[in-house]
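Please read the structure below before turning to the comments.
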Ligand code: NAI
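Residue numbers (the working numbering): 41 to 373.
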């Protein structure tokens, strides 16, 4: 087994609690991980004067892999989102969110197995907003052939290498004919290269309705940045909520693994947060590092604890704290 150095970004709010839980579970796998801890978000502003210190970027560039807790972004004012800045700085163009029904988790949906592939670098998240005249603001939606083609390639490659059958591009090209039209053109061109994978398209509003009716009909969803952000939270609801939804931000060089959820200030510091989302994100990280057996063991341990139903956090209807469920999962590993 080889040794891996990984950048650990605990983040804000519940971030330090859930990342400690994930580190605890990973330590039980026996995989040799050297953690380099770096601060980001609101917790970095005081110490470094910036929410995204350059030394953090250097660390991720050096190690190629990071595990990240959520970071806080003030609404309307204040510093720019660390996530958006980090994804841009490292060109982590693919946001990957696999959402599967988990055993023992009470939801209204069964057999959900959807992978959301979201473009991570452009669209309305380009941060290009300005006041035209007082009372009128303009926010620019940027869609490029380059970014659309590479996210489509990522989605089809992922589908091919993970035994998936169909990629569905989600769009609003009936209204945004140029921008979403270009996105669709790129998806179609890439789809033509992958005859083994089915390809279809659906308009975003219909997609939401069809998803809510029966998410099990969908396989791999391919979306621009904003639609992907919204639809992946929607899909997280099908499998039991944000406390269970893992994710990764992947580029050609680096990959940052993080849960879909935010810093949850309402429950921070109370040992109430569900660490499963970040623990499942760290299983994705182990797979990325080539530690496939360890990744499998982590997933099996999570499933066993959920199925057993004795050590569950409050969001899952239980009484256990963050540390207790982490210990239970670590013990199973
Ligand atoms: P949020 O995901 O932090 O919380 C939404 C709701 O879900 C809250 O009621 C929270 O208690 C609950 N929740 C979230 N994660 C949970 C967990 N692991 N266990 C149990 N319950 C959980 O979203 P919100 O409130 O919109 O954002 C709070 C902050 O997080 C904002 O500053 C936002 O910018 C930031 N954020 C950061 C993200 C990241 O770093 N990747 C992603 C999303 C939001």
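Every residue gets a Cβ at the ideal spot worked out from N, C-alpha and C, and that includes glycine.
Comparing the C-beta of residue i with each C-beta of chain B, is any distance below 8 Å?
i, result
"residue 298", "Absent here is chain B; the protein component of the structure consists of one chain."
Out of the options, state which residue places its alpha-carbon closest to the alpha-carbon of residue i.
i, options, result
"residue 267", "130, 80 and 135", "135"
"residue 284", "265, 316 and 298", "316"
"residue 44", "51, 52 and 66", "66"
"residue 108", "246, 78, 193 and 298", "298"
"residue 167", "242, 310 and 120", "120"
Could you tell me the boundaries of the beta strand (DSSP E) in which residue i lies?
i, result
"residue 76", "72-77"
"residue 108", "105-108"
"residue 170", "169-173"
"residue 43", "43-49"
"residue 239", "238-243"
"residue 178", "176-179"
"residue 289", "288-290"
Helix, strand or coil: which one does DSSP assign to residue i?
i, result
"residue 139", "strand"
"residue 258", "coil"
"residue 88", "helix"
"residue 165", "helix"
"residue 360", "strand"
"residue 220", "helix"
"residue 189", "helix"
"residue 311", "coil"
"residue 263", "strand"
"residue 295", "strand"
"residue 369", "helix"
Do residue j and residue i come within 8 Å of each other at the CB atom, strictly closer than that value?
i, j, result
"residue 133", "residue 291", "yes"
"residue 365", "residue 341", "no"
"residue 62", "residue 322", "yes"
"residue 226", "residue 262", "no"
"residue 122", "residue 81", "yes"
"residue 293", "residue 128", "no"
Identify the continuous alpha helix (DSSP H) that holds residue i and give its terminal residues.
i, result
"residue 320", "316-328"
"residue 121", "Run containing residue 121: none; DSSP gives neither H nor E here."
"residue 155", "Here residue 155 belongs to no alpha helix (DSSP H); instead the beta strand (DSSP E) covers 153-159."
"residue 206", "Element bounds for residue 206: not the alpha helix (DSSP H) but the beta strand (DSSP E), 206-211."
Sufficient close CB pairs (3 or more, under 8 Å) joining the segment 146-161 to the segment 267-280: yes
Stretch pair the segment 213-225 + the segment 252-261: three plus CB contacts closer than 8 Å: The segment 213-225 and the segment 252-261 do not touch, with fewer than 3 CB-CB distances between them shorter than 8 Å.
Cβ contact (3+ pairs, closer than 8 Å) linking the segment 195-214 and the segment 229-246: The count of Cβ pairs closer than 8 Å, one atom from the segment 195-214 and one from the segment 229-246, reaches three, so the stretches are in contact.
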